[in-house]
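First up is the structure itself, then whatever we jot down about it.
Numbering (the working numbering), first residue to last: 215 to 1015.
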């Protein structure tokens, strides 16, 4: 029987319960969010004369958490309107409604007695066959299932989401000994395909996979930091982006997560005696951590943790770090580590590890201890927490935001070198890893078909990592499938008549080498292939145009070359729109400025749900000059209706550009008219994005794609221009914008109304592109625009001058 999830009940509306409810609502599922009935009336309810029997009182806890869900920042919902998919209630009145649900997810307090009481109530109303799972992170799943009916146990498993649920892709699936294998498969498949998660099959061991490995790594650093004479700022500098981990690194992560949460996991492992003595001591709290716990210095939630915001001279806020010897907060100062300078020119973290562990300073000593301990520990947990090494790497990437898992890092450093580092750190790597090293093997290999394989320690052979039929890994096909490349881009053959254009410049910015590559890709696709995908697997789709090049040309007043560069960009975008083959863009993460324009000009877009897209050029003192202004004008003109207030629709598009608005998700991009209904699609699982884009391009070609014809655009002329000028005058008079902001906005308005025309007129796209280019060029001649561009290049954020 095909199982479909149309309705989910979440029991517990706290941070995790709300996050889970929001994410199911994000994918179009109806959600019932329940919590307990309050024990007492609060002051506000008493003043209103309410009683414990009033619905507002009985639903208060779920209602308050639902309001927090809607206002959360960063947003838990892809779009505010998705909140309508969630209904709230309470356990006492609304639990009978679970008879109509498809999946019950329990997220109540981490006490086994309370969870079992909830399960007892669930059994009274749950219909046979309904999925039931727990989000527990610390209670054995098999213990939770004890005493339950056979049908309950058959459909029960741990489904451990990570917080924040929308943004952290890990979902650990922990079956019990009684869970039906088909149900386990459903949880795994549904999590990946519909929830967009990296689903990892875990065993019912303390802290499962990610928290077990991650907490070990953090606790190991906690013990080593004082021995090495480093401070908390030093460690965070060395354990953040330089090694492919989040900016919050180690100590800041502990503050954000909450020291009490981290300690709960560490104590759980320590008290379970799950580790051999040499590893178990790592989970024992250092003295300074116990003091922090006693002082309730738990991190962000108590405003004091390893870091604390202090009022400095003149009332200015400063971030001080905790001195772990004196237990006083103090300025941390700056420590220079020579090895970090050596790795600045190495773009990918995976290529830095060999250099980092060879450093002869304190940084090198930290890395050797840190990775040696990690390698020994991770290898010792196979097969205890997972039979397959790739699941451990998947869990650490998806749950802790590591760019590379422990076995990938070990491969990069060298298997024998990793074994030596483990020994230097006072541990031994697992015997199976040593035996693998003796045979000269590595943990991972890519086969001739571009498929990733892993070393299976159970039968000492290589096996394909499952699920790869649903996604394409560009790193794997680059060696054998690259058709052409230059310094900033490449073209790969995806098979089935479809090629891919990959941007590979710094920050995936769009300079001359990228535009040259894109034109070559279109030429090649039109001559020899059926379709083109524009996709990459970097950190972001594209940060936009090459600002450094624009600044250099403008400072040197090389107007002819700058005009040519802008025209080349515009013409390339028009080729994307009007090529003889279907072009599908695959935007994700930051898709700004020129990246947004490229997406808008493609025939179709397959956007990752987490796509933050917008025309942000005003932030650097110009208007969208690669066809973005033209395109928003064209799209707005299609929406003009007879007797409609046309200016309102144009004004909305104008405001989005003038304010540099960026969508908080792909779904919000539909509301901004950047992505278009019935044309563009969203995928929640980013790993499947390129494969989906390829299939879409192939389908379009097979269904008789015909090269489009350039369009005409209705522009509104002088009457609408006057309206915009009045608006910008009022904004300036009210001190909402600067004079330079007004100058940019007025030029933007001039282009979007089609110039100084006496009445609404039908014009060509090329006409608008010429106006757009003239406005862009003129603004590049403004000193304040050059200041904005320079500030953005130096600081990574806009200047409002």
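Ideal Cβ placement from N, Cα and C applies to all residues, glycine included.
Where DSSP assigns a beta bridge to residue i, which residues make up the other side?
i            : result
residue 1083 : Shown here, the chain extends from 215 to 1015; a query on residue 1083 therefore has no answer.
residue 532  : 524
residue 659  : 667
residue 544  : 535
residue 678  : 667
residue 229  : Paired residue(s): none; residue 229 is not in a bridge.
residue 247  : 224 and 302
Taking 7 Å as the limit between beta carbons, can you name the residues of its chain near residue i, skipping five residues before and five after?
i           : result
residue 820 : 798, 800, 895, 897, 903, 906, 907 and 910
residue 813 : 799, 801, 805, 819 and 827
residue 928 : 851, 854, 974 and 976
residue 500 : 436 and 437
residue 255 : 264, 266 and 271
residue 515 : 472
residue 469 : 513, 514, 519, 520 and 521
residue 630 : 651
residue 859 : A caution first: residue 859 carries a pLDDT of 46, below 50, which makes its placement in the model unreliable, though a value can still be read off. There are no such residues.
residue 874 : 828, 830, 832 and 833
residue 623 : 567 and 585
residue 579 : 442
residue 784 : 840, 841, 983 and 987
Determine whether the beta carbon atoms of residue i and residue j lie at a separation below 9 Å.
i            : j           : result
residue 506  : residue 554 : no
residue 520  : residue 429 : no
residue 248  : residue 309 : yes
residue 292  : residue 762 : no
residue 837  : residue 993 : yes
residue 222  : residue 246 : yes
residue 688  : residue 714 : yes
residue 1090 : residue 355 : Residue numbering for the chain in the displayed model covers 215 to 1015; residue 1090 lies beyond these limits and cannot be assessed.
residue 991  : residue 780 : yes
residue 633  : residue 792 : no
residue 1017 : residue 598 : There is simply no residue 1017 to check, as the chain begins at 215 and stops at 1015 in what is shown.
residue 350  : residue 334 : no
residue 839  : residue 987 : yes
residue 596  : residue 635 : no
residue 593  : residue 626 : no
residue 748  : residue 816 : yes
residue 953  : residue 946 : yes
residue 393  : residue 368 : yes
residue 606  : residue 336 : no
Looking only at its own chain, which residues have a Cβ that is under 8 Å from the Cβ of residue i, when we skip the five neighbours before and after it?
i           : result
residue 575 : 551, 552 and 553
residue 679 : 604, 665, 666, 667 and 668
residue 357 : 326
Enumerate in chain order the residues of its own chain whose CB-to-CB distance from residue i is below 6 Å, with the five nearest sequence positions on each side excluded.
i           : result
residue 615 : 460
residue 834 : 1002, 1003 and 1006
residue 670 : 677
residue 583 : 438 and 639
residue 566 : 557 and 560
residue 573 : 553
residue 227 : 247, 249, 276 and 279
residue 878 : 289
Could you tell me if residue i is buried or exposed, where buried requires 16 or more neighbouring beta carbons within 10 angstroms of its beta carbon?
i           : result
residue 541 : exposed
residue 706 : buried
residue 504 : exposed
residue 999 : buried
residue 663 : exposed
residue 892 : exposed
residue 832 : buried
residue 217 : exposed
residue 949 : exposed
residue 489 : buried
residue 856 : Any reading at residue 856 must be qualified, since the residue scores a pLDDT of 49, below 50, and its modelled position is unreliable; no value is offered.
residue 164 : The requested residue 164 is not part of the displayed model; the chain covers only 215 to 1015.
residue 758 : buried
residue 483 : buried
Could you check whether the Cβ of residue i sits closer than 9 Å to any Cβ belonging to chain C?
i           : result
residue 988 : Reference to chain C is not applicable here, since this structure consists of a single protein chain.
Alpha helix (DSSP H) runs wholly inside the region 255-341, at least 4 long, in chain order: 257-261, 269-272, 274-285, 305-308 and 326-339
Ordered list of alpha helix (DSSP H) runs contained in the region 415-465, each at least 4 residues: 424-441 and 446-452
Continuous beta strand (DSSP E) assignments of at least 3 residues falling wholly in the region 918-978: 926-929 and 975-978
Alpha helix (DSSP H) segments (min. 4 residues) lying fully within the region 880-907: 880-885
Whole runs of the alpha helix (DSSP H) within the region 766-835, excluding any shorter than 4 residues: 773-791 and 808-815
Uninterrupted beta strand (DSSP E) stretches inside the region 574-629 (no shorter than 3 residues): none
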